[in-house]
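Residue 35 is where the sequence shown starts when you use the working numbering, and the numbers rise one by one after that. Ideal Cβ positions, reconstructed from N, Cα and C, are used throughout, including at glycine. These figures come from a predicted structure and were not determined experimentally. Down below is the structure, laid out as structure tokens.
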Amino acid sequence: MSHNSNTTSSLTDKVLQLPDPSKPLSEEFVTETYTFTITPKTTIKELKTVLGNHGRTKSGNRQQLIDRLVDFANKTEEWIGQYQARPKRKRGEITGGRTHSAKRVALMFGENEAAVGFPNKQQGVDQRAIKPPTEISMMLVDNWTDEVLEWCTNVDRRADRPANSIEAPSSNVADSSDVGPGISMPPEEDHSYQAVSIRRMQRQLTQLERNVFAKLDDIADRKSVDVSERAHSTISIRSDTVGNTQPDRFVSGPTPSLDLAVSAGSQRTIPTEHLRTVLLDDEPLTFDKRQVPDPPLRHFSDSLSELFSEWEKGTILKVSGTLIPLKSWPVIYQRRIGVKCQAWELLKVTWGNWKFIVEEKDDLGSEDAFWAKYTYPDGTRASYQQILDRLKTNRGERDAIDAAAARTYFGGNLACADANGLFLYKKKGALTVCTKDEAVAKKWRDLLHRD
């Protein structure tokens, strides 16, 4: 396919032939093109969009953008650099750890994947040839679907039974009865693909059945705890009404709260992979990470008094029956716990701003002292954003002073031996000296606190 560099249709218009970024490059290294006309009405935004689609630099004035686009249209040999390279891997590579899975993939989908050209790096879509399903693959999928649907129907029927009639599943997971009705198991010596698939399905259905019974047991435990708690409340009311006329031997000892009882009952049924334990003020809190809600969407910009209260004694977040103070939210949502990480990513900057404000109040000693500092002479209190701006300015000034003190102390060489590598960090495998005042000041303050 030939490419025209550009064709002048008038004294001012430029007609360019450019590679279509939405089309792949064929295996013969031929790509489809489209026509882009530059007129006096073509805006800088349009030029930048076209350059961005082709991975070109988008800075400069209008004439520089036009020259860059014309140069790209003329140099067709550079077009190939926009496309992804041929992948080195092959479908179903039979390595030591993937031997069996690779053979199954090759049996189902073939030895090679037929790619239709090379997609564009910027906005191309990886297009692959659609291979029609084979007779054996359709048969396996149909059989598996019918068996799973039939088995799930029976599970739903068992779930409708009363809680006191629930029986735990048999511990013999190898028994063919655990697989579900109507599924005949192949002999153990059968290593065909269909036999392996059925055995895998057996394990999956057995695990599903265990999870269902665990959920039902949890519901039964909660109901029994609720009944016992109500009974205890009734006894307590009667005892208070009778007063001292009852003998001492009838005074019952303290009964655990409902939340603690539920937590203890739940721990027996929560799968290990979902069980989490954290420390809140040196007290352990155990919970099911699946039951933790998203961080509450609250704004304290109009009520800093509520922020100061929530920071120490929370009322808006409850986990496993325990109220979580605002200061401890990162303990619940920290990444290693694996709870609502994406939701916390959106909130953690706002939480950090709350922390700066509360720390300022604590440094000043009281809420009254805080407002005495952040109230204008006319009696108007500073707004939420004005307070944050002033705190940011104060932090910058403090960091500059502390960083200067650190550099002076070490003679302007933070990498010297006396610093013991305190101001060094690894970047791409190489040690690098901290240069930003914020980082230098933080390490300097840590050093002073240790000493």
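Spatial distance of Q51 from T65 (CA atoms): The sequence position of residue 51 within the sequence shown is 17, counting from 1. The sequence position of residue 65 within the sequence shown is 31, counting from 1. Roughly 11 Å between the two C-alpha positions.
Simplified DSSP assignment, three categories, for Y367: Translated into the one-based positions of the sequence shown, residue 367 becomes position 333. The three-state reading of DSSP puts Y367 in helix, counting H, G and I together.
T168 to T83 span [Cα, whole Å]: To locate residue 168, count along the sequence shown from 1; it is residue 134. To locate residue 83, count along the sequence shown from 1; it is residue 49. Taking the straight line joining both Cα atoms gives about 44 Å.
Per DSSP, which residues does D322 bridge with? Please list them. The residue you call residue 322 lines up with position 288 of the sequence shown. Note: D322 sits in a beta bridge opposite L309.
Between the stretch 407-419 and the stretch 440-453, can you find at least three pairs of beta-carbon atoms closer than 8 Å? No: fewer than three Cβ pairs fall under 8 Å.
Where do the N-terminal and C-terminal ends of the alpha helix (DSSP H) with Y443 fall, by residue? Numbered from 1 along the sequence shown, position 409 holds the residue referred to as residue 443. Annotation: the continuous alpha helix (DSSP H) that includes Y443 extends over Y418 to Y443.
Cβ separation of D471 and A434, assumed to be a contact under 8 Å, to the nearest whole Å: Translated into the one-based positions of the sequence shown, residue 471 becomes position 437. Translated into the one-based positions of the sequence shown, residue 434 becomes position 400. The pair is a contact, with the Cβ atoms about 5 Å apart (cut-off 8 Å).
Hey, out of I350, L357, V326 and F334, whose CA is closest to C375's CA? Stepping through the sequence shown from its first residue, residue 375 is reached at position 341. Checking every option, the nearest Cα to that of C375 belongs to V326.
Starting from K477, follow the alpha helix (DSSP H) in both directions and report where the run begins and ends. Along the sequence shown, read from residue 1 onward, the residue named residue 477 stands at position 443. Going by DSSP, K477 is part of the alpha helix (DSSP H) stretching over D471 to R484.
Using 8 Å for Cβ pairs, my map puts W405 next to A440. What's the rounded Cβ distance? For this step, residue 405 is matched to residue 371 along the sequence shown. For this step, residue 440 is matched to residue 406 along the sequence shown. At roughly 34 Å, the Cβ-Cβ gap does not stay under 8 Å, so W405 and A440 are not in contact.
Using a Cβ distance threshold of 8 Å, determine whether the stretch 348-359 contacts the stretch 311-325, with at least three qualifying pairs required. Yes, the stretch 348-359 touches the stretch 311-325.
Span separating the alpha-carbon of A438 from that of A473: The residue you call residue 438 lines up with position 404 of the sequence shown. The residue you call residue 473 lines up with position 439 of the sequence shown. If I take the Cα positions, the gap works out to 12 Å.
Less than 8 Å between the CB atoms is what I'm expecting for L341 and I391, so what's the real figure, rounded? What you label residue 341 is simply residue 307 of the sequence shown in a count that begins at 1. What you label residue 391 is simply residue 357 of the sequence shown in a count that begins at 1. With 8 Å as the limit, L341 and I391 qualify as a contact, their Cβ atoms being about 7 Å apart.
Within 10 angstroms of its Cβ, does K109 collect 16 or more other Cβ (buried), or is it exposed? Along the sequence shown, read from residue 1 onward, the residue named residue 109 stands at position 75. Exposed: under 16 other Cβ atoms inside 10 Å.
Looking at E346 and P364, is the spacing between their C-beta atoms short of 7 Å? Position 330 of the sequence shown, counted from the first residue, corresponds to residue 364. Position 312 of the sequence shown, counted from the first residue, corresponds to residue 346. No. Outside cutoff.
CB contact flag (K48, I72, <7 Å): Here residue 48 refers to the residue found at position 14 when the sequence shown is read from its first residue. Here residue 72 refers to the residue found at position 38 when the sequence shown is read from its first residue. For K48 and I72, yes; Cβs fall inside 7 Å.
Does the separation of the CB atoms of P330 and L351 fall below 7 Å? For the purposes of this step, residue 330 is taken as the residue at position 296 of the sequence shown. For the purposes of this step, residue 351 is taken as the residue at position 317 of the sequence shown. In this structure, the beta-carbon distance from P330 to L351 falls below 7 Å.
In the DSSP assignment, the alpha helix (DSSP H) including A107 goes from what residue to what residue? The residue labelled residue 107 in the question sits at position 73 within the sequence shown. According to the DSSP assignment, A107 belongs to the alpha helix (DSSP H) that extends over R96 to N108.
Quick one, which of D328, I371, T349 and K461 has its alpha-carbon nearest H308's? For the purposes of this step, residue 308 is identified with residue 274 of the sequence shown, where counting begins at 1. It is I371 whose Cα lies nearest to the Cα of H308.
6 Å Cβ shell around Y333 - same chain, five flanking residues per side excluded: Taking the first residue of the sequence shown as 1, we reach residue 333 at position 299. Position check: residue 333 holds His in this sequence, whereas Tyr was assumed. Answer for H333: no residue qualifies.
Helix, strand or coil: how does DSSP classify R415 here? Position 381 of the sequence shown holds residue 415. The three-state secondary structure of R415, taken from DSSP, is strand.
According to the neighbour-count rule (16 or more other Cβ atoms, all chains shown, within 10 Å of its Cβ), is V373 buried or exposed? If you number the sequence shown from 1, residue 373 lands on position 339. Classification of V373: buried, given that the 10 Å Cβ count is 16 or more.
Status (buried if at least 16 other CB within 10 Å, exposed otherwise) for H483: One-based indexing of the sequence shown puts residue 483 at position 449. Flag for H483 reads exposed.
In terms of residues, what are the limits of the alpha helix (DSSP H) holding A464? In the sequence shown, residue 464 corresponds to position 430, counting from 1. Taken as a continuous stretch (DSSP letters only), A464 belongs to no alpha helix (DSSP H), being part of the beta strand (DSSP E) at A464 to V467.
Give me whichever residues DSSP pairs with T168 in a beta bridge. Within the sequence shown, numbered from 1, the residue matching residue 168 stands at position 134. Residue pairing from DSSP leaves T168 without any beta-bridge partner.
Mind checking L183: buried by the 16 CB within 10 Å criterion, or exposed? Along the sequence shown, read from residue 1 onward, the residue named residue 183 stands at position 149. With fewer than 16 neighbouring CB atoms inside 10 Å of its own CB, L183 falls in the exposed class.
For E317, three-class secondary structure by DSSP: Start at 1 with the first residue of the sequence shown, and residue 317 comes out as number 283. Strand, per DSSP.
Over the uninterrupted beta strand (DSSP E) stretch that includes I391, give me the two end residues. One-based indexing of the sequence shown puts residue 391 at position 357. No beta strand (DSSP E) holds I391; the alpha helix (DSSP H) holding it covers C375 to L398.
F247 (DSSP reduced to helix, strand or coil): Taking the first residue of the sequence shown as position 1, residue 247 is located at position 213. Three-state result, F247: helix.
Between K57, N177, D101 and Y367, which lies nearest to T67 when the distance is taken from Cα to Cα? Residue mapping note: residue 67 aligns to position 33 of the sequence shown, counting from 1. Answer by Cα proximity: K57.
Within 10 angstroms of the Cβ of S93, are there 16 or more other Cβ atoms? Answer buried if so, exposed if not. Taking the first residue of the sequence shown as position 1, residue 93 is located at position 59. Exposure of S93 is indicated by the presence of fewer than 16 other C-beta atoms within 10 angstroms of its C-beta.
Proximity below 7 Å, CB of N95 to CB of P55: Sequence index remark: in the sequence shown, residue 95 carries index 61 (1-based). Sequence index remark: in the sequence shown, residue 55 carries index 21 (1-based). In this structure, P55 does not lie closer than 7 Å to N95 by Cβ.
Nonlocal neighbours in the same chain, by C-beta distance under 7 Å from S362, ignoring five residues either side: By 1-based counting over the sequence shown, the position of residue 362 is 328. Closer than 7 Å at Cβ, skipping near neighbours: L314.
Cβ separation of L85 and I100, assumed to be a contact under 8 Å, to the nearest whole Å: Position 51 of the sequence shown, counted from the start, is the residue given in the question as residue 85. Position 66 of the sequence shown, counted from the start, is the residue given in the question as residue 100. Between L85 and I100 the beta-carbon gap is near 10 Å, outside 8 Å, which marks them as no contact.
In terms of DSSP beta bridges, what is T349 paired with? Walking along the sequence shown from the start, residue 349 turns up at place 315. Paired residues: none, contrary to the question.
How many Å lie between R429 and N387 at the Cα? Working through the sequence shown from its first residue, we reach residue 429 at position 395. Working through the sequence shown from its first residue, we reach residue 387 at position 353. About 12 Å.
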